[in-house]
Structures are given as C-alpha cells and as structure tokens.
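**Q**
Residue numbers (the working numbering), protein chains in the order written: chain A, 972 to 1214; chain B, 499 to 732.
As structure tokens, then:
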C-alpha cells in the first residue's frame, strides 16, 4: 500500500459543489471506515460521480470539508476507474506501466509489476496487443489493472460495469472482490441493484446532492429508511425527478 | 515545340542523365532542410507539447505569439539571421554567414514555431481527453508531456511534414544568409529562382520536378505510416 499517511476514517462534512447555478452536492455528509466495499446508489444527477471526483481531487468543493483520517488528502493512495476509461495508443502492458511512472521505478520493475497485475485480471496473454483493440469488458479490466497496480488504499469506481455483458460484469466483480481482499477500500457507483447486493458491505443512497441513507446492504434492501431509496429500489422515479 | 514543352523535355533529359549539377543542388537542399527539420522537431515539438499541457500565467500570450510566428515572412527571418551572423553581429565571430550552417539556422527559425504551433494544438486536444486519467494517476506534467508526445507521434507527423514543406519550399531566408553560391550554398529553390532569371528554364524545371517529387514521396510515406498506425493501434 502506498503512502503511510492516515486515510481513514474518511469524514465528509457539508460538501457543496455547484455547476451552472445548480447544486450538484448540496451539503453532503459521509463517513467511511477503513474496510469493505461501499456502493453509492442514486438516480442520475444525484451527485455520485461528482462526489467521487471530489474525493480523488479532480474537483475542488466550493464549501465543506473532507477529513482524511484526521488530516489532509494523502499525496498518493487514491485511485479511480472511470466509466469510459481512456487508453493510450500503446500496448496493454504500456497502459498499466503508465500508472507506475510517478513511482520512479526502473523500467524492468515497472514491466514486471504491470505483467503481474495483468495476469491477475486475465489480460497477460494480451499484454503486447494494442489497448485500443480491446473489447469493452477487457478495457475495463485493463482500467482496473491500471488502478490496482498502484496498490491504492482507496479505490473509486465510477460505474465500471455500465454497458457490459453479464460475463464481463462477473469478471469485473471478481476482480473488485479480489482487490478488496488485499485491503483496498472500495467506493463504487452503480445502477445495477443486483450488483450492489452481490458486492456491497454497505450502501450509501444519494439524492439531490445529499446522503439520504447509509446502511448495511441487507438492511438497505430489506428496509430502506428513506422514501427516495424505497422508490429507487422499486424502480420508480422520485417525485422530484418526474417530468 | 514551344518554350514550355521544350523546357519540360530538356528537364526530363537532365534528370534521366543524372546531371551532376542537379544532383549536387538536390543533395544540399535535402541536407539543409533535413537538418533544419530535425532541429525544428527537437525544439518545436517539445515546446508545443509543454504549451499544450502547461497552465501558467502568460501562456495565452505565448500561444498567440507562436501562432503568429506560423506566418513569419522568410525574408524577415533571413535579415534577422543575417544581422546575427554578419561580421558586426553578435555571432559574427563564428564566421557562419554564406555557409550551409547559416541556411540551416535560418530554416530552423522558420520551421520551429510552425511545428510548435501545430504540436501545441495536437497535444492540447489529447490533453483534454486524458487530463482526468493523468491527474488521478498523479503524473507530473513533464511525464504527461512525454507520454502525450509518444501517444500523438503519428498525428505529429503532420507537424513534421508541414515543417519540411516550409523548409524545402523556402527561398528568401536561404538566399539572404546563404548567398546562393554555386557548389556551396545553392539549393533547389534558390537555383530555380536564379536559373529562371538567367533563362535556363530546363534546369529550373528539372529542379522544380525534383522538389515536387520529394514532397509527394514524403507525404506518401507519412500517409503509409499513419495508416499502419491506425491499424496497429486501432
């Protein structure tokens, strides 16, 4: 694991982020302990992706605080996989090696580590192929490998299985579980409720830029406390989102 | 046979006979322009990439200046380099005036901003695509520049070709700093200008044909490389 600075418990308080006069995060509070997989659920536009981007430092909140284990955000140790990962016009292995550039490793060691992680995501045979020639599922596995190779303590996954077939989803989920067993804390967004039940230890439900509910996965799906979460689980649009 | 068709047929005869004057002039032109483009590549592409990725105060002004330099008149560059290299100039002691080295310097000054400006736009577009990934990976900006130069290498061929086109077709600057001295600093373009004014049209046309052929072959090669890259890297 990279960087020894404490990261957990992660405390987000009164986080605000606006775009075009609209509050995407509207006083969001969240507490994350140091283990497990937390799934972020919520309708489109609820602020899930913005929250992930804020946590990994891509967006600067306009108000609120993020306390990383009592301090500021560590220099390293946070990785993120986007819904549509961008791949360099390079080999599969070269794309993983990219993530190791900041570590200033020797080229041989970079390659060795990249190949080791590609083996774990089932892409070792394609290490020399062009990354842009991969299928959607393979591309997401490569994106996971690129994040995993940095040995993050917090891994943020923004709908990593959107638009993938069931077999690809299954492979991604197995990799996510494996990453978790190595001690990486995972915060992931999805609209796939089945996936949430399969992967999550706990669920955070976000609506209109606020956390409506944060509960263990069984309790969330058996007895959702908020009306918005109940409607979301039932597949109904909350009244605020209705046209 | 009119003057035009006579010039063309005599030009082909010169080329078919591997005329040593033509070969000498073509060789020097390729040498001077090749070196200038090489220097322009080494200076212009990294400079353009740094401007494409970097965000600093004054960047916009630099971009405007660089874009302005794309249309730098070659005679102006020639005069400036002439003043720098002339006996009384700051680099006069080097004794480079009226030498191929002076011509390389002048052409480098012409092509480097052009190549930098094209590279800046190419790299900036790529940077917009990759910025989030690179920021999450905490890549240092210099690593981002290196990675993007490599990633855009096939697109940057356009910048190199543009530089080569400008260098090969340029006449004003090399005429001023080279002096168009026979068997020493005479390039295809300066020779064409001179021979036309002297009325030796066959040689001028022969050199013009070689110039066109060189540019067409290089563009063809670049197209082949780009198509190969598209297949290889999808």
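All residues carry an ideal CB built from backbone N, CA and C; glycine is no exception.
Could you tell me how far apart the beta carbons of residue 601/B and residue 658/B are, in whole angstroms, since I believe they sit closer than 8 Å?
**A** In fact, because the Cβ distance is near 19 Å, the residues do not count as touching under 8 Å.
**Q** By the 10 Å Cβ neighbour count, where 16 or more other Cβ atoms means buried, how is residue 1066/A classified, buried or exposed?
**A** Burial call: buried.
**Q** Anything in the stretch 615-639 of chain B with a Cβ closer than 8 Å to a Cβ of chain A? List those residues in chain order, please.
**A** Within the stretch 615-639 of chain B, the qualifying residues are 627, 628, 630, 631, 633, 634, 635, 636, 637 and 638.
**Q** So residue 1027/A contacts chain B; which residues on that side make the cut at Cβ distance below 7 Å?
**A** Simply 634.
**Q** Measuring CB to CB, does residue 580/B end up less than 8 Å from residue 683/B?
**A** Against a cut-off of 8 Å, the Cβ pair of residue 683/B and residue 580/B comes out as no contact.
**Q** What do you reckon, are the CB atoms on residue 1050/A and residue 1126/A nearer than 8 Å?
**A** Contact flag set, yes.
**Q** Please tell me whether, using a cut-off of 7 Å, the distance from the CB of residue 507/B to the nearest non-hydrogen atom of the ligand ATP is below it.
**A** Inclusion of the ligand ATP in the displayed structure is not the case, the ligand content being empty and no account of it being possible.
**Q** Leaving out five residues before and five after residue 510/B in sequence, what residues of the same chain have Cβ atoms less than 7 Å from its Cβ?
**A** If we look at residue 510/B and ignore the five residues flanking it on each side, it has no Cβ neighbours.
**Q** Measure how close the beta-carbons of residue 1021/A and residue 1128/A come, nearest whole angstrom, since I'm counting them as under 8 Å.
**A** Their Cβ separation, rounded to whole angstroms, is 15 Å, which puts residue 1021/A and residue 1128/A out of contact at 8 Å.
**Q** Say whether the stretch 980-988 of chain A touches the stretch 1030-1037 of chain A, bearing in mind that this needs 3 or more beta-carbon pairs closer than 8 Å, one atom from each stretch.
**A** Flag = yes, the stretch 980-988 of chain A and the stretch 1030-1037 of chain A touch.
**Q** Quick one: is residue 477/B buried, meaning 16 or more other Cβ sit within 10 Å of its Cβ, or exposed?
**A** Residue 477/B falls outside the range modelled here, since chain B spans only 499 to 732, and no answer is possible.
**Q** Rounded to whole angstroms, how far is the Cβ of residue 1175/A from the Cβ of residue 1001/A, which I believe are closer than 8 Å?
**A** Right, the Cβ-Cβ distance comes to about 6 Å (below 8 Å), so this counts as a contact.
**Q** Can you give the Cα-Cα distance for residue 983/A and residue 1008/A, rounded to whole angstroms?
**A** Taking the straight line joining both Cα atoms gives about 17 Å.
**Q** Kindly indicate which three-state DSSP category residue 554/B falls into: helix, strand or coil?
**A** Three-state DSSP puts residue 554/B in coil, outside helix and strand.
**Q** Have a look at residue 588/B and residue 556/B and give me their C-alpha separation to the nearest angstrom.
**A** Straight-line Cα distance between these residues: approximately 29 Å.
**Q** Along the chain, where does the beta strand (DSSP E) that runs through residue 1187/A open and close?
**A** Segment 1181-1187, the beta strand (DSSP E) holding residue 1187/A.
**Q** Give the residues of chain A in contact with residue 645/B, contact being defined as C-beta atoms less than 8 Å apart.
**A** The answer, in chain order, is 1059, 1069 and 1072.
**Q** Look up residue 1157/A in the DSSP assignment and say whether it is helix, strand or coil.
**A** Reduced to three states, the DSSP call for residue 1157/A is strand.
**Q** Give, in chain order, every unbroken run of the alpha helix (DSSP H) that is at least 4 residues long and sits entirely within the stretch 981-1056 of chain A.
**A** Those alpha helix (DSSP H) runs which fall completely within the stretch 981-1056 of chain A and span 4+ residues are 1019-1026.
**Q** Run through chain B and tell me which residues come within less than 8 Å of residue 1047/A, C-beta to C-beta.
**A** What residue 1047/A touches in chain B: 636.
**Q** Using the beta-carbon of each residue, which ones in chain B are nearer than 7 Å to residue 1051/A?
**A** Neighbours of residue 1051/A on chain B, chain order: 634.
**Q** Taking residue 1173/A as part of the beta strand (DSSP E), name the residues at either end of that continuous run.
**A** Here the beta strand (DSSP E) through residue 1173/A covers 1173-1178.
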